[in-house]
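I have placed the structure first, in the form of structure tokens, so that the comments after it can refer back to it.
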Amino acid sequence: MTETTADLLNAKAMGADLERVDGLAKVTGQAPYAFEQHAFDERAHAPLYIHPVQSTIAKGRVTAVHGERAAALPGVAAVLSHENAPRLTPEDDSDVAMIQTSDDRELLVLQSDEVSYRGQIVAAVVADTPETAREAARLVGVDYAAEPHDAAFSPDSADLPEPTVDTELGDVAAAMAAAAVTVDAAYSTPIQHNNPMEPHATTVVRSGGALTVFEGTQAVHIVRRILAALFSLDAERVQVIGPYVGGGFGAKGSVHAPLVLACLAATVLEGRPVKIALTRRQMFELVGYRPPTVQRVRLGADAEGRISAVGNDVTTHTSRLKRFVENAGGSAAMMYAGENRSIGHRVAELDISPATFMRAPGHAPGMFALEVAMDELAEACGLDPIELRVRNEPGTDPVSGLPYSSRGLLDCLSEGASRFGWEGRDPRPGVREEDGWLVGTGVAASTFPAFTMPGSAARIRFAGEGRYEVSIGAADIGTGSWTALTQIAADALSVPVEDVALALGDSALPAATVAGGSAGTSSWGTAIVQAARAFVDSHGTEPAAGAELTTVLKRPPDTRGYSTHAFGAQFAEVRVRADTGEVRVPRVLGVFAAGRIINPRTARSQLIGGMTMGVSMALHEESVIDPRFGHVVNHDFASYHVAANADIGDVQAYWVEEHDPHVNPMGAKGIGEIGITGTAAAIVNAAHHATGVRVRALPMTLDHFLR
Amino acid sequence: MEADVTLRVDGTTRVVRVDTRTTLLDALREKLDATAPKKGCDHGQCGACTVLLNGRRVNACLTFAVAQDGAEVVTAAGLGADGAPHRVQRAFLDNDGFQCGYCTPGQVCSAVGMLEEAAAGWPSAATGDVAAEPVLDDAEIRERMSGNLCRCGAYVNIVAAVREAAADSAGNTGNTDSADSVTSEAAPAGGAEVR
């Protein structure tokens, strides 16, 4: 058993530009998502429809639920509220559930009269058609005893809790005072919503006490654990099925209230499949978001640009119902050299809906602030921004002191500069105008940790005639897992990809960790490699048909002696209309150092996709809470803008060769999140180069340029 | 209130009883098990539900089923022929013009409808000279495909796929026997002939 080593696989299938194995099903619309299972699986046939009733107050108590008119509507099967909903049995099972425990208060749906945020589920209707369910939900009357609420984020308030001390090295204040050049500025990012194109959806049937759940999720086994605990069932009595997931970006990485509601309804209506799909509007209240940040970044350097002080004092907010802190300071903690370092977070507690992970949690806003501040420092030092980063490349991790398993930032900057055409750039801002457009270019670095989660298992079975079946309860949320894991399995078994049939997305398969933290491919791939090697050890390369073996990855490759991260560099060209402030981004180019690339086709898509979401973050995305009511008011695609096709110009992704024998047997680092980190900063820096205006608050809307 | 509606969906005539509040999208997905068109917003803001309705691309969430009695509907499931994907679908596969796949059936239908619009000489907001034949450069493709949101961020690959399919169809000009072409001549019921 080779659990603790990262003996590198010989790459044959890995690295091949393989078409997605799930591609044909997707382009022809034949891939079944969670809400469509009635058409594919007889267990989901003839479902009832759930429509939630949401609170119209932000804090207080439900004093009465009037369900009579709704219940009288023909076709209504049930009206649920805290008065009649089945009781849940939450547990603090933190050792088991890893990223979420079942006593998470977000999940205690219809368990009390307490209202903790506007939009919280306070009742629900189940009916035979979606139209009837929606109309009946409208007829449910809810009386409240409202209490004063606080939904206003006031980052400058003196009443905020004391900040955490996350990193404290040396004396930043003294180093700033002694520095020849300093940057001390506040950078802000707004609330952003994940908004996967597939709204959160569940089809569930409870039969004979067992739950069968079709769910769009990033982690079928975590969903199973949570539901088993909440509903007092043995885990074996809960099956969660989600082979196709219409995007998640973190919002489907843990269990949210609508899934619990669906299981409550299924419990009341035993034997009948029930289903729920959120409306786009409900997506802004019930499944999380990225909290806002205000980041006071301090950088101090000598006259040659060598950094002596790095500080990021972050202010953000959390729901009082469930604590979630956007760790935006983490980027400044690890990115550049500097002996004095101070990172902390102040967290305002508000009566608002719970937040969650959104693509590159912490690093997306953190690298925006840090990388814009670095651009300001470069300007203040009179240095090219690439040269500034070269001068502050740390030999070892600045906090842990550990060597990097590999660190390719400088290669990415160099390769990107060459591909983008950076050389000879005139650093002066605001001096290039073409046909009424001010033109500029900018650069920023990107990063995301590389790690492997313990706990995934994989099963290898030889089906005969050269065919292997490889099973793991992993998820493909668009990331390419179907294809990349097939390639890894083929190399681990030393067979062509055609001889591997992969199964994923079902809790009946061996347990798998979440598709999150850019750790999916590393965690599942390592489990598959371990199982394949054990299979070959036990059964040889000419096994008997039906030979089968399952192993659990208890201990991932030991990386404790190393700091493990992927790095990258993005370059952007920005045009700002001189008379209107309109912003266009004709070019974004990224180069990444992420170890071995398993499948160049799907990898390029992930990196391009991350950068595209970064453009959207830079230019468009902002959720606005009305503090009088406590909910997001721009809760649809007409007012919460995500980048459309015409917003995106030429986006290119490349990678440098990087050999990392430490991270896992594939030598591969995760790539799902790094693309979004840095991109917004590159765009903001390019806009400064174009106009001379330094934007420190996202989104970079045109009013920033109208003075 | 309910009504019986006859729809021709992906080449098959279907009669379905619908609540008069039922959208075409919900009738397809919930009543007829035609789940290729997706629901992403139900407000006509995302395009995931795009189908070809009587030969033209529409958001199926923005029209009631009862208003489309006798219509011809083609979804992404009905675009290909003889078990092979449509050339636009092939181009999406070749260019990896999708990731999670949820917006994809709508993107594909939108692209097929858009290529027909361009071939018919329809200008877009990105067309410089609206009197001239539109040329499907990247700016035109981006503009004409902007009714279909993709949160995975596959736009550059979608543009590449549509560019490739457009070049194919330009090469096929005059080939009326093309197995996967969608014509917009009015059919007897106001629908389009889809082959």
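Sequences listed follow chains Y and R, in order.
Throughout the first sequence, residue numbering follows the working numbering, covering 673 to 1379 in sequence.
Throughout the second sequence, residue numbering follows the working numbering, covering 1386 to 1580 in sequence.
Glycine included, each C-beta is placed from N, C-alpha and C at the ideal position.
Please read these numbers as outputs of a predicted model, since none were measured by experiment.
Straight across, the Cα-Cα distance linking T988/Y with A1020/Y is about 6 Å. Nearest CB-CB separation between V1541/R and chain Y: below the 8 Å threshold. Judged by their CB atoms, F921/Y and M1006/Y are not nearer to each other than the 8 Å cut-off. With fewer than 16 neighbouring CB atoms inside 10 Å of its own CB, R759/Y falls in the exposed class.
The beta carbon of L745/Y sits closer than 8 Å to those of A799, T804, E807, A808 and L811, all from its chain and outside the five residues before and after it, given in chain order. Residue burial annotation: E1214/Y is exposed, with fewer than 16 other C-beta atoms found within 10 angstroms of its C-beta. Under a criterion of Cβ atoms nearer than 9 Å, the residues of chain Y adjacent to F1483/R are, in order, R692, G695, K698, V699, G1150 and S1277. When rounded, the separation of the alpha-carbon atoms in E740/Y and R1300/Y is 31 Å. Residues of chain R whose Cβ lies closer than 8 Å to the Cβ of F1309/Y are, in chain order, C1426, H1428, Q1430, C1431 and L1534. When only Cα atoms are considered, A1461/R and R1472/R end up about 12 Å apart.
No Cβ-Cβ contact shorter than 8 Å links V1201/Y with I1144/Y. Shortest Cα-Cα distance from Q864/Y to any of N1012/Y, R1259/Y, Y961/Y and V912/Y involves Y961/Y. A buried status is given to H928/Y, since no fewer than 16 other beta-carbon atoms sit within 10 Å of its beta-carbon. Listed in chain order, the positions of the stretch 1306-1336 of chain Y with a beta carbon within less than 9 Å of a beta carbon of chain R are D1308, F1309, A1310, V1314, A1315, A1316, N1317, A1318, D1319, I1320, G1321, D1322, V1323 and Q1324. Under a 10 Å Cβ-count criterion, W1507/R is classified as exposed, with fewer than 16 other Cβ atoms of the shown protein chains found around its own Cβ. Here the stretch 723-731 of chain Y lies against the stretch 818-828 of chain Y, with 3 or more beta-carbon pairs under 8 Å apart. For A949/Y, the nearest CB of chain R lies under 8 Å from its own CB, placing it at the interface with that chain. Of the residues assessed, S1194/Y falls on the buried side of the cut-off, its CB having 16 or more other CB atoms within 10 angstroms. Using a Cβ distance threshold of 8 Å, L1055/Y and E778/Y do not count as a contacting pair. Only residues of its own chain outside the window of five on either side were considered, and among them A1130, R1131, I1132, L1221, T1222 and T1223 have a CB closer than 7 Å to the CB of A1203/Y, listed in chain order. For the options T951/Y, T1113/Y, E1137/Y and H1035/Y, the alpha carbon positioned closest to that of G1088/Y is the one of T1113/Y.
For the set I1348/Y, V1328/Y and R1276/Y, the Cα lying nearest the Cα of N1480/R is the one of R1276/Y. Non-local C-beta neighbours of E1254/Y in its own chain, meaning closer than 8 Å and more than five positions away in sequence, comprise V1248 and L1374, ordered along the chain. Boundaries of the beta strand (DSSP E) harbouring W1327/Y: D1322 to W1327, taken from the DSSP string. In the three-state DSSP reduction, N756/Y falls in the coil class, being neither helix nor strand. Relative to P1070/Y, the option among Y789/Y, M1046/Y, S1014/Y and G1102/Y whose CA is nearest is S1014/Y. Classified as buried, S1153/Y has 16 or more neighbouring CB atoms from the shown chains inside 10 Å of its CB. For N867/Y, no beta strand (DSSP E) run applies, since DSSP gives it neither H nor E. At a cut-off of 8 Å between beta carbons, T1448/R makes no contact with chain Y.
Annotation: L1174/Y to D1148/Y spans about 12 Å, alpha carbon to alpha carbon. Annotation: the continuous alpha helix (DSSP H) that includes D1047/Y extends over H1035 to C1053. Under the three-state reduction of DSSP output, T1274/Y falls in the helix class.
Contact annotation, R909/Y with G943/Y: C-beta distance approximately 15 Å; criterion of less than 8 Å not satisfied.
Counted as a single uninterrupted DSSP element, the beta strand (DSSP E) harbouring F1134/Y occupies residues A1129 to G1136.
A1461, A1462, G1465, P1470, Q1474, F1477 and L1478: these are the residues of the stretch 1461-1480 of chain R whose beta carbon lies less than 7 Å from some beta carbon of chain Y, given in chain order. Residue pairing by DSSP places N1306/Y in no beta bridge whatsoever.
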